[in-house]
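Single-structure report; data block below.
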Amino acid sequence: MAKVVMLTFDVEEDCPPFAETRRGMEEGLPKVMDVLEEFKIRGTFLFTGRIAEEFPELAERAGKKHELGCHGLEHERFDRLSHEEARRRLAEAREILSRFGDVTSFRAPNFQFPDKYYRILADLGFKVDSSKARHKGWRGGVAEIDGVLEVPATTTSIVTRLPWRLQERFHRGFESPIVYIFHPWEFVRMPRRLRPDCWFGTGEGALEKLRALIEFHLEGSARFMTLREFYGKYQKLKRG
Numbered sequence: 193m194a195k196v197v198m199l200t201f202d203v204e205e206d207c208p209p210f211a212e213t214r215r216g217m218e219e220g221l222p223k224v225m226d227v228l229e230e231f232k233i234r235g236t237f238l239f240t241g242r243i244a245e246e247f248p249e250l251a252e253r254a255g256k257k258h259e260l261g262c263h264g265l266e267h268e269r270f271d272r273l274s275h276e277e278a279r280r281r282l283a284e285a286r287e288i289l290s291r292f293g294d295v296t297s298f299r300a301p302n303f304q305f306p307d308k309y310y311r312i313l314a315d316l317g318f319k320v321d322s323s324k325a326r327h328k329g330w331r332g333g334v335a336e337i338d339g340v341l342e343v344p345a346t347t348t349s350i351v352t353r354l355p356w357r358l359q360e361r362f363h364r365g366f367e368s369p370i371v372y373i374f375h376p377w378e379f380v381r382m383p384r385r386l387r388p389d390c391w392f393g394t395g396e397g398a399l400e401k402l403r404a405l406i407e408f409h410l411e412g413s414a415r416f417m418t419l420r421e422f423y424g425k426y427q428k429l430k431r432g
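Throughout, my numbering is defined as the position within the sequence shown, counted from one, plus 192.
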């Protein structure tokens, strides 16, 4: 059976909280979208509400040509917010993003989202979440949590910045569905004064590796989907 592959992008300022620039938005994200559209592949772009306000043309492009999702209001850790504050911020973020497209998917910054907050997502109309991660220890696979479908991330974005011959071994071993994570800032050269994980493998080379990743899975007859599309497939199978 063909593997299902989802390309997801956490759309935020450059490597928060270690940089305050927007080069990833100004230079990186348009190039990424160009590559996906060249291959006729739709990605899931999870914007923070504030970044969508700063770059409305890119949020609109995501909403029209891909899937527009939510990454919080700002790049905040939800495990440090009260229930009331988490609801308020999620509601505001969703209101902003809904100006640019239908928003049903969510991922929390830093993969920090308490299980008790999933009901907030459901109440606000979110259908699918990707805040759990296999590389963070999640072993539950795809699961339903308080009315929200959890589709866990497969691997850290560092893997997709490794030399191709090294990372290819990982791709061959990943089990379907495969959920990759990227950030716009990874596709511009980040300064070495930042933490190593903020600059390692960034720049044009990361864009070429994204191309290689897509070609690798196309050669393997993988099916590329957005988080929303996967949710639709899951619900259809569930109904029998």
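Backbone N, C-alpha and C define an ideal beta-carbon position, used for all residues, glycine too.
C-alpha gap between residue i and residue j, whole angstroms
i	j	result
R242	R291	13 angstroms
G255	R215	21 angstroms
D202	F237	6 angstroms
L260	H375	14 angstroms
E249	G293	12 angstroms
A414	A194	5 angstroms
E245	G333	34 angstroms
R387	E378	13 angstroms
L399	V380	9 angstroms
E205	T213	6 angstroms
Y372	E276	31 angstroms
E396	K324	29 angstroms
R353	Y309	32 angstroms
Beta-ladder partner(s) of residue i, from DSSP
i	result
R415	V196
I370	V197
D321	F298, E342
Residue i - DSSP class collapsed to helix/strand/coil
i	result
F339	What sits at residue 339 in the sequence shown is Gly, not Phe. If DSSP states are grouped into helix, strand and coil, G339 belongs with coil.
A345	strand
T236	strand
V295	coil
D202	strand
L228	helix
C207	coil
Proximal residues to residue i (C-beta, below 8 angstroms), its chain only, five neighbours per side dropped
i	result
V351	Q359, F362
K257	M225, E229, R234
Closer than 7 angstroms: residue i CB and nearest the ligand SAM heavy atom
i	result
L313	Among the components modelled here there is no ligand, and therefore nothing to report on the ligand SAM.
Contacting residues, own chain, Cβ-Cβ under 6 angstroms from residue i (five flanking each side not counted)
i	result
M382	C390, W391, T394
K328	F303
F366	T346
Close-in-space but distant-in-sequence residues of the same chain around residue i (CB under 7 angstroms, 5 per side omitted)
i	result
L419	M198, T200, T236, E259, G261, S297, V320, S322, V343
P301	H263, G264, H267, E268, R269
V295	L260, G261, C262, R286, L289
task: Flag this pair as touching only if the region 225-239 and the region 387-395 have three or more C-beta atom pairs under 8 angstroms; answer yes or no.
output: Touching, no.
task: Would you be able to state if there are at least three C-beta pairs under 8 angstroms between the region 207-221 and the region 311-319?
output: The answer is no - the region 207-221 does not touch the region 311-319, with fewer than three Cβ pairs under 8 angstroms.
message: Counting beta carbon pairs with one atom in the region 267-275 and one in the region 413-430, are three or more of them shorter than 8 angstroms?
response: In this structure the region 413-430 does not lie against the region 267-275, because fewer than three pairs of beta carbons, one per stretch, are closer than 8 angstroms.
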